[in-house]
Every structure is written in C-alpha cells, then in structure tokens.
Amino acid sequence: MSPRAFKRFILLFGAGTFALSLPFYVMGAWPVVGFMGLDVLALYIAFRVSFYSARAFETLDLTPFELRFVKTTADGARAEWRFDTYWVRLEQERHEEFGVQRVTLVARGERVEIGGFLGPDQKAELAEDLTKALAVAKRGPVFG
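Printed below as a string of structure tokens:
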C-alpha cells in the first residue's frame, strides 16, 4: 500500500468510526467515542509496524563456485554469509501437521536459517527450488 493510500484508508476508517460513535455520544455513552478512537490508533500503529518490518529482506546469489546469502534487517543492518557451492547443503525442519518450519544452509559447521519470514508452503518451495539450483551449480560452469 502506498503512503497516500494508507493515509486515505486511515482517514476513511477514522471518519467511519467517528460517524458510528456519534450516536453513543448523543445517548450519553461518551467513553465509547474514546475507545473507538483507540481502535483507529491501534490500527494505525499496527500498519506502521507492519510497514517497518516489511523493509527487511534476504537475498541469495548462486554461482557455480559460491552461494552468497545476505540478510538485511528493517533498520538496514546487513549480515552476509558465503558458502562454497560444493560443500553447502540444505536442511529442512518439518512438522507433520504444519509443514516446513525451518530451512537452513549448512556448511563446515556453520548454520544459517533462510526464509524465516516465509510461510510453510513458501519455505517448501524455496527448499525445492534451491536444492535443484544447487544441484545444477555443483555440476560446475558450462562453457560454450
């Protein structure tokens, strides 16, 4: 959602909440207006927190020689891991009922979780696609 659309949404939601709270005010239940205003504030805060969290991202760069994983937090802090394509392996932690819970890159004693923000189905798809890509990369570069 764009900042302009967010502003419109909050204003529209606030106006609707205000309109719905007016009858309570007229009937003498004025505290309802304040509590409905708190609902608008809570929604605003929840969206702002969500927008902030959405700035975090991860990237995977795979070459025949190296797998590079970069994790950037919402505040811009970066952490980078480099793995030899030949030695890295992918591990999945599965739950019978909920599916893939964790996907981890493992190489020479180092473990890094990837895709922590993804849902179980997306983690399974990531693991499948990355396993295939690693198999191709381990075959080495293709010349001519």
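When we follow this note's numbering, the leftmost residue of the sequence shown carries the number 2, and every step to the right adds one. Ideal Cβ placement from N, Cα and C applies to all residues, glycine included.
Between the CA atoms of residue j and residue i - distance to the nearest angstrom
i	j	result
E92	T105	5 Å
V113	A16	47 Å
A75	F14	27 Å
F58	D85	22 Å
V71	A55	16 Å
M37	A43	10 Å
R140	E97	33 Å
T60	Q123	15 Å
R79	E111	18 Å
Cutoff 6 Å; reference residue i; Cβ partners in own chain excluding five residues on either side
i	result
R90	V107
Spatial neighbours of residue i in its chain, beta-carbon cut-off 7 Å, leaving aside the 5 residues before and after
i	result
V33	S22, F25
F48	F7
W88	A108, R109
Test item: CB-CB of residue i and residue j under 7 Å
i	j	result
F121	F144	As written in the sequence, residue 121 is Pro, which differs from the Phe given in the question. Not closer than 7 Å, so no.
A138	P65	yes
E94	R103	yes
T18	V50	no
G117	L127	no
DSSP-derived helix/strand/coil call for residue i
i	result
R109	coil
F48	helix
D85	strand
E92	strand
Own chain, CB closer than 8 Å to residue i, minus 5 neighbours either side, in chain order
i	result
A134	L63
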